[in-house]
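> When we follow the numbering used here, the leftmost residue of the sequence shown carries the number 3, and every step to the right adds one.
Using N, Cα and C, we set each Cβ at its ideal position, and we do this for glycine too.
Treat the numbers as computed from the prediction; the structure is a model and nothing was measured.
Attaching a single structure in structure tokens format; questions to follow.
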Amino acid sequence: MSFTAPQVSGSGLDAAAASPPGAPPPGGPPDEAELVQGLGTTSLSQRQMVVRRFLRHRAAMVALITLVVVVVMALVGGKVWKWPYQGIGSFDSTCLSCSPTTDFFNHPMGTDGIGSDIFAQVLRGAQASVSIMLVVALLSTGLGVVVGGIAGYYRGWVDAILMRIVDLLLTIPGLLVLVVLARVGANPRSPLTKYVLRYFGSGGGSWLRIAVIIALLAWMPVARVVRAEVLSLREKEFAEAARALGAGDLRIIFKHLIPNAVGTIIVSATLIMAVAILTETTLSYLGFGVTAPDTSLGLLVSAGQTAAFTRWWLFYFPGLFIIVIVLCVNFVGDGLRDAFDPKQNKVRA
């Protein structure tokens with residue numbers, strides 16, 4: 003009896019030879035990682051995938067937690083802190099120009115020349131700076147979305163007029179305009195100051211005035227980004243279907259197109275937040291920003307610059323808070339950009 007060996011094709015030999023030792027044969031069942039990846043991709047919605055990618059971004063998560071801690075400290079820390087920012091008990095006559103101590107509850111950042119606690123001032127300054135950052139992001143993003151959405155959808159002469167206005171505003175030196183507007187807004191007879199004092203009182207009018215002024219010159223980049231997104235999205239099938247069903251232009255823009263560009267809008271808003279706090283710091287440092295009796299981190303840095311080498315805590319602690327806030331906002335923006343990127347297969351650590 004003779005036995006014949008089974009015939010193996012050349013392609014099978016080549017595939018077997020090309021496979022490393024211990025690897026599953028070609029065409030075999032996928033490994034567990036591939037199964038999990040395949041199941042996760044098919045079972046998760048787009049929103050869940052964005053959240054998962056953001057949660058896996060380590061730098062963004064650390065920055066987000068740090069930013070939340072700073073914001074909570076700024077908003078509620080001054081109300082529970084031992085040394086108030088103003089009023090009775092805000093000055094320690096036994097500790098004038100004291101350096102920082104290891105006792106957290108006893109001037110951890112030192113005091114100034116009149117015994118005022120620096121930590122209380124930093125908390126109050128961070129509250130104003132964070133409020134400016136959030137208000138600027140909200141106002142400028144909203145205005146940029148409206149202008150960019152209308153320009154991108156209607157195109158033609160509407161797009162040409164709106165974008166020429168945007169280009170014209172971008173060519174104007176922003177810092178110079180901000181200084182002029184801040185000086186005009188500081189006039190108690192100006193309409194902006196009267197409006198702020200009427201509806202918000204003298205206590206919060208200073209930082210809110212600066213926030214409105216910064217927002218007036220911070221919306222143009224958002225408008226250009228949103229316009230580009232809407233120009234691309236208006237030709238998609240869902241937009242054509244909405245038009246075929248009789249939906250109005252504004253409904254198509256704000257109900258169908260803008261929600262599909264939310265990733266780009268959120269990333270742009272985070273970038274504006276970082277720019278807003280740096281702009282406020284610059285204006286306050288130059289003397290055109292937040293004014294007494296209110297304060298901000300930029301105003302504290304400006305007040306402590308003369309003692310940067312003798313009483314360093316007056317200058318460096320407010321500056322450190324500014325650096326931490328800006329870095330955290332930028333890292334969160336990077337994480338959101340990677341999370342909303344549909345081409346992002348691997349999440350950067």
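Can you name, in chain order, every residue of its own chain whose Cβ lies under 7 Å from the Cβ of T297, other than the five neighbours on each side?
So the qualifying residues of the chain are Q123, R126, G127 and A130.
> Which same chain residues end up closer than 6 Å to A341 when comparing Cβ atoms and leaving out the 5 residues on each side of it in sequence?
Around A341: V52, R55 and F56.
> Which parts of the region 198-265 are runs of the alpha helix (DSSP H), unbroken and 4 residues or longer, counting only runs that do not cross its ends?
Listed in chain order, they are 222-235 and 239-246.
> For the alpha helix (DSSP H) holding M135, just list the boundary residues, first then last.
I120 to Y156 is the span of the alpha helix (DSSP H), which, as asked, contains M135.
> If you count every other CB in all the chains shown that lies within 10 Å of the CB of F311, and 16 or more means buried, which is it?
Counting Cβ neighbours within 10 Å, F311 comes out exposed, since fewer than 16 surround it.
> If I measure Cβ to Cβ from C97 and keep anything under 7 Å in the same chain, skipping five residues before and after, which residues do I get?
For C97, where only same-chain residues beyond five positions count, the Cβ hits under 7 Å are H109, T113 and G117.
> Give the list of continuous alpha helix (DSSP H) stretches no shorter than 4 residues that lie fully inside the region 264-342.
The region 264-342 contains these whole alpha helix (DSSP H) runs: 264-288, 299-306 and 315-342.
> For A65 and T104, I'd like the C-alpha separation in whole angstroms.
In a straight line, the C-alpha of A65 is about 26 Å away from that of T104.
> Would you verify that the beta carbon of G321 is, or is not, closer than 8 Å to some beta carbon of chain C?
Here there is only one protein chain, and chain C is not present.
> Tell me which residues share the same chain as L273 and place their Cβ nearer than 6 Å to its Cβ, disregarding the 5 neighbours each side in the sequence.
G335, listed in sequence order.
> What's the gap between the Cα of G42 and the Cα of V269?
Because G42 sits at a pLDDT of 45, beneath the cut-off of 50, its placement in the model cannot be relied upon, and the following sentence gives the value as read from the coordinates. Roughly 25 Å separates the two Cα atoms.
> Could you tell me whether the region 255-263 touches the region 275-292, using the rule of 3 or more Cβ pairs below 8 Å?
The region 255-263 is not in contact with the region 275-292.
> Using a Cβ-Cβ cutoff of less than 8 Å, which residues in the same chain neighbour L77 once the five nearest sequence positions on both sides are dropped?
So the list reads Q129 and V132, once near-sequence residues are dropped.
> Check whether the region 212-231 and the region 172-180 are in contact - that is, three or more C-beta pairs closer than 8 Å.
Touching, per the Cβ criterion.
> According to the Cβ coordinates, are Y318 and R236 closer than 8 Å?
It is not a contact, given that the beta carbons lie outside the stated cut-off.
> Rounded to whole angstroms, what is the Cα-Cα separation between G248 and D161?
So the two alpha carbons sit approximately 23 Å from each other.
> Identify, in the order they occur along the chain, each residue of the same chain with its Cβ nearer than 8 Å to the Cβ of L136, setting aside the five sequence neighbours on each side.
Taken in chain order, the residues that qualify are M275.
> Please report the distance separating the alpha-carbon of G115 from that of S99.
Cα to Cα, G115 sits roughly 5 Å from S99.
> List the whole-angstrom C-beta distance separating A225 from G146, where the pair is believed to meet the contact cut-off of C-beta under 8 Å.
Going by Cβ atoms, the distance from A225 to G146 rounds to 4 Å, so yes, they are a contact pair.
> Between G151 and V232, which are expected to be in contact by the criterion C-beta below 8 Å, what is the C-beta distance as a whole number of angstroms?
Right, their Cβ atoms sit about 5 Å apart.
> Using 8 Å for Cβ pairs, my map puts P102 next to W315. What's the rounded Cβ distance?
Their Cβ separation, rounded to whole angstroms, is 5 Å, which keeps P102 and W315 in contact under 8 Å.
> With distances taken Cα to Cα, identify the nearest neighbour of L164 among P223, K81 and I327.
Nearest of P223, K81 and I327 to L164, Cα basis: P223.
> Buried or exposed, going by whether 16 or more other CB atoms sit within 10 Å of the CB of G250?
It counts as exposed.
> Which partner residues of T113 appear in the DSSP bridge assignment?
For T113, which the question treats as bridged, DSSP gives the partners D119.
> Figure out for me which residue from S142, A62, V148 and G300 has the closest Cα to the Cα of N332.
The option with the nearest alpha carbon to N332 is A62.
> Could you check which residue in N262, T284 and A294 has the C-alpha nearest to that of R49?
Checking every option, the nearest Cα to that of R49 belongs to N262.
> Got a sec? Which residues, its chain only, sit under 7 Å from K84 by beta carbon, not counting five neighbours each side?
F107, listed in sequence order.
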